[in-house]
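*Asks:*
2 protein chains.
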Amino acid sequence: MEELNKKGELARQATYFLARMSSDEKKRVLNKTAGLIVDRTGYILEANKKDLAEAEKNQVKGSLLDRLTLTSDRIASMAEGLSQVAMLEDPVGEVISMKKRPNGLQIGQIRVPIGVIGIIYEARPNVTVDAAGLCLKTGNAVILRGGKEAINSNIAIVKTIQEALVSEGVPPEAVQLVEDTGRETAVAMMRLNEYLDILIPRGGQGLIKTVTENSSVPVIETGTGNCHAFVDETANLEMASRIVINAKTQRPGVCNAIETLLVHSSVADIFLPGICDRLKELNVEIRGDRNVTEIIGYAVPATEEDWYTEFLDLILAVKVVPSLSDAILHINKYGSKHSETIVTESYHSSQKFLAEVDAAAVYVNASTRFTDGFEFGFGAEIGISTQKLHARGPMGLKELTTTKYIIFGNGQIR
Amino acid sequence: MEELNKKGELARQATYFLARMSSDEKKRVLNKTAGLIVDRTGYILEANKKDLAEAEKNQVKGSLLDRLTLTSDRIASMAEGLSQVAMLEDPVGEVISMKKRPNGLQIGQIRVPIGVIGIIYEARPNVTVDAAGLCLKTGNAVILRGGKEAINSNIAIVKTIQEALVSEGVPPEAVQLVEDTGRETAVAMMRLNEYLDILIPRGGQGLIKTVTENSSVPVIETGTGNCHAFVDETANLEMASRIVINAKTQRPGVCNAIETLLVHSSVADIFLPGICDRLKELNVEIRGDRNVTEIIGYAVPATEEDWYTEFLDLILAVKVVPSLSDAILHINKYGSKHSETIVTESYHSSQKFLAEVDAAAVYVNASTRFTDGFEFGFGAEIGISTQKLHARGPMGLKELTTTKYIIFGNGQIR
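Those protein sequence lines, which keep their order, are chains A and B.
With my numbering applied, the first sequence corresponds to residues 368 to 781, in that order.
With my numbering applied, the second sequence corresponds to residues 368 to 781, in that order.
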């Protein structure tokens, strides 16, 4: 993988330039890039056409084809995304703490870029622009390795970005694309410890699992959301109904939608018939435990497997639990530690749920659909971390930085 | 590895108990453990004797034998360490931020235990007590896998800790030891993603490299320190001399000692003879580039390999550089991103060095020997991270925690 080592070396060189850029300079480069992407719309669409022709030849299915397709509007919206990132506050340079030690040493912790970030992703060409923008903003060099389906689009996009970089005096190697989309280049990236500081996989569960299991480069794991809503015995049932409908049906294909509804046994009889009928009207299939199937005639019996499954579809597993503790046990056993919500009017139940549920985001009386960098007010999102190291939950710009200690002395020795 | 899965499952169960413990309860358990370790001194020394007998039979060399050896004093000092950890402030439960969003959602970020921590280490039995104490303090369960040389000591120590846990009503599985010290158990731990949230290797470079390369569990890399001191053209040479002597000779076998001295060419002629003579008196071998060997008759020519080497010994590589920029280039190329210091009276040079050197701890006018959790005022240290994810530099209690988002709503949906 000599090409990859070369790219790594050049990316590392670029980091020294990037780390020295001021926030104003980075803002200017991002705005310049946004403008040039719009200017080059024709060129990028041309390249995208090649990818689409290839995809049609390979009989790629509708939803994938849609994700691959660029239009003038979509390109304009990618550029708009860059302009928005340009306007965000730059996290680099923030002094997080600064303390004077008894020996007079002044020890500070300052936020700095991570260095070189590798991103392995699948068919969406918008990830190319998005990831490049977030990395530039945080002073990181990035090596992008997209899917083969979008290779022509990605080449055109990265060439455009590099043209903008060069015109602003930034090394073009700050944003590089791996053009060889064979499996070997992905594997080689997972072993590129010499040059890559971190690796972020963006895509389906299969991709994320492969990267997590095989990478010796530190990985930020994003993604899987097997989320739950628990309706407590004291819940405002009208509110519970709204939250469950929203969390399941507003956008079922995303990670922060719920997959399982847990209902306290003391309200099961009065809550389940209404909510299930409304879900049925919205074409949601109900898979219930025995208690549920006894109450709801059209509910399908749920299997053990169902409790573990992220359906990403209009399917909801439903279970009646005898207590809050049982709900928490279920969530901690079957959940993927993403987003969990309780609907309750009880102070004690809310506190217990918040304290004992082990997940990136734990809600009281709100839909799980809010777990998102934009909804959290970060202004950007590189993914939602479901691991516990470095970042947990929605990752914004800050999560693309690290820190270093800076120590001011006047001759101290030990 | 059924035994390991079983331990993992039990450790996971214990985390739910640990996460609910108050700071006062954890303090009481740590103090109880400290007391019991002193009470069981005879029992632990007995077990240690078996390890020492085995080590002598295998003709283990002196320094390793010393590290393995326990005495009443050493056991008392291990217990004293626990009492000190007991007194530190508990990082768990700190609300790092809490903001109200325009839609009324209140989004907070709270510090919580990581969960189950795996620690793979080598011969020192004190690591067993130390790691157990830090994990308990932060509400984490720990699975310890020490070296075979210390197995009997470790079994006795962990039994004692578990006895203290049980007497305080804490699940003994909060602290578990892997008694099978075969290579396979270490490998199995690196793949125990289902139960281990993170893995920390503590030991030599070989161990750390093996774990980093083979673990699919997220790893915190600690250790290697190829550190530099740069004497700038404006340096107070008397101060430079004190710092270099201290950083090289006060304790040469540790990671924050310097391995290479870089000297600005404009002060090489006046600085090098004096410092080298003093180092020679202290039995330090000088390995110099051509400029150095021309000035210092007894300097050995340095090889390319020497610039990369963490000698951990009374050896110092010395190089003359034409500028500050060249010093920074050298450090960023050959260093291990641990601790770096500049001695200078120039504002510009200090700022440039702090900004451009890529390392966990960057110093102006002080010895690199201060990179240490205790010297930084953390009151404890689990290791010094040289990676950029999660923690960088000395890791104290805070670095053994993660965060979760807690969200307070009143019916919000998207």
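Beta carbons: idealized from backbone N, C-alpha and C, even for Gly.
Taking only runs of the alpha helix (DSSP H) that begin and end inside the segment 564-589 of chain A, which ones reach a length of at least 4 residues, in chain order?
*Replies:* DSSP runs (the alpha helix (DSSP H)) wholly in the segment 564-589 of chain A: 572-581.
*Asks:* Within 8 Å, do at least three Cβ pairs link the segment 491-500 of chain A to the segment 747-767 of chain B?
*Replies:* Not touching, per the Cβ criterion.
*Asks:* For residue 778 of chain B and chain A, any beta-carbon pair shorter than 7 Å?
*Replies:* Reading the second sequence from its first residue, position 411 is the one you call residue 778 of chain B. Chain A, which has a Cβ nearer than 7 Å to the Cβ of residue 778 of chain B, makes this yes.
*Asks:* From which residue to which residue does the beta strand (DSSP E) around residue 640 of chain B run?
*Replies:* As a working note, residue 640 of chain B is residue 273 in the second sequence. Element bounds for residue 640 of chain B: not the beta strand (DSSP E) but the alpha helix (DSSP H), 632-648.
*Asks:* Along the chain, which unbroken stretches of the alpha helix (DSSP H) at least 4 residues long are found entirely within the segment 648-731 of chain B?
*Replies:* Runs of the alpha helix (DSSP H) inside the segment 648-731 of chain B: 657-662, 671-675, 691-701 and 714-723.
*Asks:* Please classify residue 462 of chain A as buried or exposed, where buried requires at least 16 other C-beta atoms within 10 Å of its C-beta.
*Replies:* As a first step, residue 462 of chain A is located in the first sequence; it is residue number 95 there, counting from the start. Classification for residue 462 of chain A: exposed.
*Asks:* How far does the beta strand (DSSP E) with residue 617 of chain B in it reach, from first residue to last?
*Replies:* Position 250 of the second sequence, counting from 1, holds the residue named residue 617 of chain B. Per DSSP, residue 617 of chain B belongs to no beta strand (DSSP E) and is neither H nor E.
*Asks:* Nearest-angstrom Cα distance between residue 599 of chain A and residue 742 of chain A?
*Replies:* For this step, residue 599 of chain A is matched to residue 232 along the first sequence. For this step, residue 742 of chain A is matched to residue 375 along the first sequence. Rounded to the nearest angstrom, the two C-alpha atoms are 25 Å apart.
*Asks:* At a Cβ threshold of 7 Å, is residue 606 of chain A touching chain B?
*Replies:* Working through the first sequence from its first residue, we reach residue 606 of chain A at position 239. Yes, residue 606 of chain A counts as interfacial toward chain B.
*Asks:* Roughly how many angstroms lie between the CA atoms of residue 538 of chain A and residue 448 of chain A, to the nearest whole one?
*Replies:* For the purposes of this step, residue 538 of chain A is identified with residue 171 of the first sequence, where counting begins at 1. For the purposes of this step, residue 448 of chain A is identified with residue 81 of the first sequence, where counting begins at 1. So the alpha carbons of these two residues sit roughly 22 Å apart.
*Asks:* Examine chain A for any beta-carbon lying closer than 7 Å to the beta-carbon of residue 380 of chain B, and answer yes or no.
*Replies:* Taking the first residue of the second sequence as position 1, residue 380 of chain B is located at position 13. By this cut-off, residue 380 of chain B is not an interface position.
*Asks:* Are the segment 394-404 of chain A and the segment 570-584 of chain A in contact at 8 Å, needing three or more beta carbon pairs?
*Replies:* Counting Cβ pairs under 8 Å, fewer than three are found: no touch.
*Asks:* Quick one: Cα of residue 444 of chain A to Cα of residue 504 of chain A, how far?
*Replies:* Stepping through the first sequence from its first residue, residue 444 of chain A is reached at position 77. Stepping through the first sequence from its first residue, residue 504 of chain A is reached at position 137. Straight-line Cα distance between these residues: approximately 18 Å.
*Asks:* When you compare the CB of residue 740 of chain B with every CB in chain A, is at least one pair closer than 7 Å?
*Replies:* Walking along the second sequence from the start, residue 740 of chain B turns up at place 373. Not one chain A Cβ lies under 7 Å of residue 740 of chain B.
*Asks:* Could you check what DSSP says for residue 626 of chain A in three-state terms: helix, strand or coil?
*Replies:* Working through the first sequence from its first residue, we reach residue 626 of chain A at position 259. Three-state result, residue 626 of chain A: strand.
*Asks:* Please report whether the beta-carbon of residue 425 of chain B lies at a distance below 7 Å from any beta-carbon of chain A.
*Replies:* To locate residue 425 of chain B, count along the second sequence from 1; it is residue 58. Residue 425 of chain B does not count as touching chain A.
*Asks:* Say whether chain A places a C-beta atom closer than 7 Å to the C-beta of residue 583 of chain B.
*Replies:* Numbered from 1 along the second sequence, position 216 holds the residue referred to as residue 583 of chain B. Cβ-Cβ to chain A under 7 Å: yes for residue 583 of chain B.
*Asks:* Determine whether the Cβ of residue 734 of chain A lies closer than 7 Å to any Cβ atom of chain B.
*Replies:* Taking the first residue of the first sequence as 1, we reach residue 734 of chain A at position 367. Chain B contact via Cβ: present.
*Asks:* Check whether the Cβ of residue 566 of chain B lies closer than 7 Å to any Cβ atom in chain A.
*Replies:* Here residue 566 of chain B refers to the residue found at position 199 of the second sequence. Residue 566 of chain B does not count as touching chain A.
*Asks:* On the DSSP letters alone, give me the boundaries of the alpha helix (DSSP H) that residue 482 of chain B sits inside.
*Replies:* For this step, residue 482 of chain B is matched to residue 115 along the second sequence. Counting along the chain, residue 482 of chain B falls outside any alpha helix (DSSP H), and DSSP gives it neither H nor E.
*Asks:* Our contact map puts residue 640 of chain B next to residue 662 of chain B with C-beta atoms below 8 Å; I'd like the distance itself, whole angstroms only.
*Replies:* Working through the second sequence from its first residue, we reach residue 640 of chain B at position 273. Working through the second sequence from its first residue, we reach residue 662 of chain B at position 295. 7 Å between Cβ atoms; contact.
*Asks:* Let me know the alpha helix (DSSP H) ranges lying completely inside the segment 429-486 of chain B, each 4 residues or longer, listed in chain order.
*Replies:* Entirely contained in the segment 429-486 of chain B, the alpha helix (DSSP H) runs reaching 4 residues are, in chain order, 429-435 and 439-454.
*Asks:* State the DSSP-derived secondary structure class of residue 783 of chain A, mapped to helix, strand or coil.
*Replies:* Given a span of 368 to 781 for chain A in the structure shown, any question on residue 783 of chain A remains unanswerable.
*Asks:* Is it the case that the segment 633-653 of chain A contacts the segment 693-704 of chain A, given that we only count it when at least three CB pairs across the two stretches are under 8 Å?
*Replies:* Touching, no, given that fewer than three Cβ pairs across the two stretches are closer than 8 Å.
*Asks:* Are the beta-carbon atoms belonging to residue 450 of chain B and residue 508 of chain B less than 7 Å from one another?
*Replies:* Within the second sequence, the letter at position 83 stands for residue 450 of chain B. Within the second sequence, the letter at position 141 stands for residue 508 of chain B. Not closer than 7 Å, so no.
*Asks:* Using beta-carbon positions only, say whether residue 624 of chain A and residue 596 of chain A come within less than 7 Å of one another.
*Replies:* Position 257 of the first sequence, counted from the first residue, corresponds to residue 624 of chain A. Position 229 of the first sequence, counted from the first residue, corresponds to residue 596 of chain A. No.
*Asks:* Contact defined as beta carbons within less than 8 Å: I believe residue 736 of chain B pairs with residue 572 of chain B. What is the distance between those atoms, to the nearest angstrom?
*Replies:* Taking the second sequence and counting its residues from 1, the one referred to as residue 736 of chain B is at position 369. Taking the second sequence and counting its residues from 1, the one referred to as residue 572 of chain B is at position 205. In fact, because the Cβ distance is near 20 Å, the residues do not count as touching under 8 Å.
*Asks:* Rounded to the nearest angstrom, what separates residue 610 of chain B and residue 391 of chain A at their Cα positions?
*Replies:* For this step, residue 610 of chain B is matched to residue 243 along the second sequence. For this step, residue 391 of chain A is matched to residue 24 along the first sequence. Looking at the two C-alpha atoms, the distance is approximately 38 Å.
*Asks:* Name, going along the chain, the residues of the segment 467-486 of chain A whose beta-carbon falls closer than 7 Å to a beta-carbon of chain B.
*Replies:* Correct list: 468, 472, 474, 481 and 482.
*Asks:* Jot down the residue ranges of each uninterrupted beta strand (DSSP E) in the segment 519-566 of chain A, minimum 3 residues, whole runs only, in chain order.
*Replies:* Here the runs fully enclosed are 542-544.
*Asks:* Is the beta carbon of residue 682 of chain B less than 7 Å from the beta carbon of residue 666 of chain B?
*Replies:* Working through the second sequence from its first residue, we reach residue 682 of chain B at position 315. Working through the second sequence from its first residue, we reach residue 666 of chain B at position 299. No, they are not a contact pair.
*Asks:* Is residue 382 of chain B buried or exposed, if buried means 16 or more other CB atoms sit within 10 Å of its CB?
*Replies:* In the second sequence, the residue the question calls residue 382 of chain B occupies position 15. Result: buried.
*Asks:* Distance check for residue 436 of chain B and residue 428 of chain B, CA to CA, integer angstroms please.
*Replies:* The residue given as residue 428 of chain B occupies position 61 in the second sequence. The residue given as residue 436 of chain B occupies position 69 in the second sequence. So the alpha carbons of these two residues sit roughly 12 Å apart.
*Asks:* Look at the alpha carbon of residue 696 of chain A and the alpha carbon of residue 585 of chain A, and state the distance between them as a whole number of angstroms.
*Replies:* As a working note, residue 696 of chain A is residue 329 in the first sequence. As a working note, residue 585 of chain A is residue 218 in the first sequence. If you take the alpha carbons of residue 696 of chain A and residue 585 of chain A, they lie about 31 Å apart.
*Asks:* Do three or more CB pairs link the segment 533-552 of chain B to the segment 511-518 of chain B at distances below 8 Å?
*Replies:* Flag = yes, the segment 533-552 of chain B and the segment 511-518 of chain B touch.
*Asks:* Under 8 Å, CB to CB, which of the residues in the segment 674-689 of chain B have a partner in chain C?
*Replies:* Considering every chain present, this structure includes no chain C. Its protein chains are A and B.
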